[in-house]
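So the sequence shown is residues 9 to 289, counted in our numbering.
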Amino acid sequence: MMIRFTLLLFALFVLTLCGHAQQYQTKLVYSCDFSNSNSLNDWVMEGPGLASIQNGQLLLYSKYFEAANQFFKTKGQAFSGLGEDYYHYVEAAMRQDIGDAVKDYYYDGIFRGGHLVYWNTFKTPDNYIIECDFQSLSDNALHMLMFSCTGKNGQKVFEKDLKKRWGVAAQYTKSDLYNYRISFFAPGRGSSNMRKCPGRHLTIKGKDFTLLNKMQPHHLKIVKYENTISWYIDGQLSFEYIDDMEGGYLKGGQTAIRVMVPAKGLYDNYKIYEIVRPSDQ
Numbered sequence: 009m010m011i012r013f014t015l016l017l018f019a020l021f022v023l024t025l026c027g028h029a030q031q032y033q034t035k036l037v038y039s040c041d042f043s044n045s046n047s048l049n050d051w052v053m054e055g056p057g058l059a060s061i062q063n064g065q066l067l068l069y070s071k072y073f074e075a076a077n078q079f080f081k082t083k084g085q086a087f088s089g090l091g092e093d094y095y096h097y098v099e100a101a102m103r104q105d106i107g108d109a110v111k112d113y114y115y116d117g118i119f120r121g122g123h124l125v126y127w128n129t130f131k132t133p134d135n136y137i138i139e140c141d142f143q144s145l146s147d148n149a150l151h152m153l154m155f156s157c158t159g160k161n162g163q164k165v166f167e168k169d170l171k172k173r174w175g176v177a178a179q180y181t182k183s184d185l186y187n188y189r190i191s192f193f194a195p196g197r198g199s200s201n202m203r204k205c206p207g208r209h210l211t212i213k214g215k216d217f218t219l220l221n222k223m224q225p226h227h228l229k230i231v232k233y234e235n236t237i238s239w240y241i242d243g244q245l246s247f248e249y250i251d252d253m254e255g256g257y258l259k260g261g262q263t264a265i266r267v268m269v270p271a272k273g274l275y276d277n278y279k280i281y282e283i284v285r286p287s288d289q
């Protein structure tokens with residue numbers, strides 16, 4: 009059930025930021041525990057994704073998950089996050105469904121379809137924390153969290169003046185959206201990577217702690233305060249990035265979960281906190 013709080017709920021988080029401990033006073037501004045199907049009213053799907061509630065958790069995967077995984081079964085291997093040989097299986101399955109409309113899933117003459125982006129409709133404040141639980145249901149990569157997402161003029165991502173999108177990566181990385189994105193659960197890569205868009209700039213890499221126990225639940229946390237972004241997996245700091253790129257750092261915006269077609273996972277307890285006041289300790 010989604011709960012919006014009109015009263016301030018304060019909590020104290022002691023975090024490592026910029027090399028020293030800071031204490032944040034926060035208030036919970038959004039919470040979704042996926043307890044029933046009404047929880048999905050706050051979410052919008054782009055791409056051929058399937059979202060449902062399974063035992064009080066969000067089950068999220070591509071309609072063409074089985075087509076992609078048929079390739080890996082044939083090869084006797086899992087998708088590591090490197091290479092894209094499975095695409096011809098996905099393209100064939102999509103062509104059976106939508107015929108020549110599959111051409112919409114091409115970029116620069118190459119098929120790139122099957123992935124999904126699941127947008128949360130809540131717009132974050134400028135300084136915030138995102139927390140959620142995650143469990144992979146597939147050995148295959150890749151999952152991402154997108155945040156501080158806006159149009160180039162600061163508008164919400166659903167405004168009609170923005171270009172249409174249906175899950176193709178370049179529509180989010182090389183088009184008219186600003187966003188940060190953190191990718192994780194990439195067994196062949198071994199790292200959790202952060203990029204800034206548009207431009208798909210690789211800003212930093214850190215250890216991907218989801219790979220230590222691949223099929224177990226993990227707790228994910230993003231702390232974004234001004235131009236500093238910290239990424240935690242199971243309470244362990246994977247990386248900390250200070251955005252001093254030309255053009256300035258991104259502020260508040262919408263958040264999303266992106267899942268590549270070979271991947272499948274459960275998400276739960278999706279929460280957003282506003283950072284009200286930091287104070288040096």
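For glycine and all other residues, C-beta sits at the position ideal for the given N, C-alpha and C.
Quick one: residues in its chain with C-beta nearer than 6 Å to the C-beta of residue i, no 5 flanking neighbours on either side, listed in chain order?
{"i": "A100", "result": "none"}
{"i": "Q163", "result": "none"}
{"i": "D276", "result": "F42, Q65 and D141"}
{"i": "T14", "result": "The predicted model places T14 with a pLDDT of 33, which falls under 50 and marks its position as unreliable, so this point remains unresolved."}
{"i": "D251", "result": "N235 and Y257"}
{"i": "G122", "result": "S70, Y72, V98 and V269"}
Give a yes or no on whether the C-beta atoms belonging to residue i and residue j are separated by under 8 Å.
{"i": "M102", "j": "Y72", "result": "yes"}
{"i": "F155", "j": "K259", "result": "no"}
{"i": "G261", "j": "H151", "result": "no"}
{"i": "T218", "j": "Y249", "result": "no"}
{"i": "F130", "j": "I280", "result": "yes"}
{"i": "E282", "j": "Y136", "result": "yes"}
{"i": "G214", "j": "H227", "result": "no"}
{"i": "S200", "j": "S238", "result": "no"}
{"i": "A271", "j": "A149", "result": "yes"}
Excluding five sequence neighbours on each side, which residues of the same chain lie with their C-beta closer than 7 Å to the C-beta of residue i?
{"i": "M9", "result": "Low confidence applies here, because M9 scores a pLDDT of 43, under 50, leaving its location unreliable; read the following figure in that light. Contacts found: D41, S43, N44, N46 and S47."}
{"i": "V284", "result": "Q33, T34 and K35"}
{"i": "Y126", "result": "W51, M53, G57, A59, L68, A264 and I265"}
{"i": "R12", "result": "Per-residue confidence for R12 stands at a pLDDT of 41, beneath the threshold of 50, marking its modelled position as unreliable; the derived number appears in the next sentence. Closer than 7 Å at Cβ, skipping near neighbours: Y38."}
Between which two residues does the alpha helix (DSSP H) holding residue i run?
{"i": "F166", "result": "That residue, F166, is in no alpha helix (DSSP H); it is neither H nor E in DSSP."}
{"i": "Y97", "result": "Y95 to I106"}
{"i": "A75", "result": "F73 to K83"}
{"i": "Y180", "result": "A178 to T181"}
Could you check where the beta strand (DSSP E) with residue i kicks off and where it finishes?
{"i": "F42", "result": "Looking at the DSSP string, F42 is not in any beta strand (DSSP E), and its letter there is neither H nor E."}
{"i": "D141", "result": "Y136 to S144"}
{"i": "V125", "result": "L124 to K131"}
{"i": "M53", "result": "W51 to E54"}
{"i": "E248", "result": "Q244 to I250"}
Which partner residues of residue i appear in the DSSP bridge assignment?
{"i": "H151", "result": "F192 and V267"}
{"i": "R285", "result": "Q33"}
{"i": "A59", "result": "L68"}
{"i": "Y186", "result": "T158"}
{"i": "L170", "result": "None; L170 has no bridge partner."}
Give every residue of the same chain whose Cβ lies closer than 8 Å to the Cβ of residue i, excluding the five residues on either side of it in the sequence, and list them in chain order.
{"i": "K222", "result": "S144, D147, F193 and P195"}
{"i": "Y186", "result": "S156, C157, T158, G159, K160, C205, P206, L258 and G261"}
{"i": "R323", "result": "Summary: the structure shown does not reach residue 323, with the chain confined to residues 9 through 289, and so no result is reported for it."}
Using a Cβ-Cβ distance cut-off of 8 Å, determine whether residue i contacts chain B.
{"i": "G207", "result": "Among the protein chains of the structure shown there is no chain B, as only one such chain exists."}
**3 or more residues per run - each beta strand (DSSP E) lying fully within the region 193–240** = Scanning the region 193–240 for uninterrupted beta strand (DSSP E) segments of 3 residues or longer gives 199–205, 209–215 and 226–233, listed from N- to C-terminal end.
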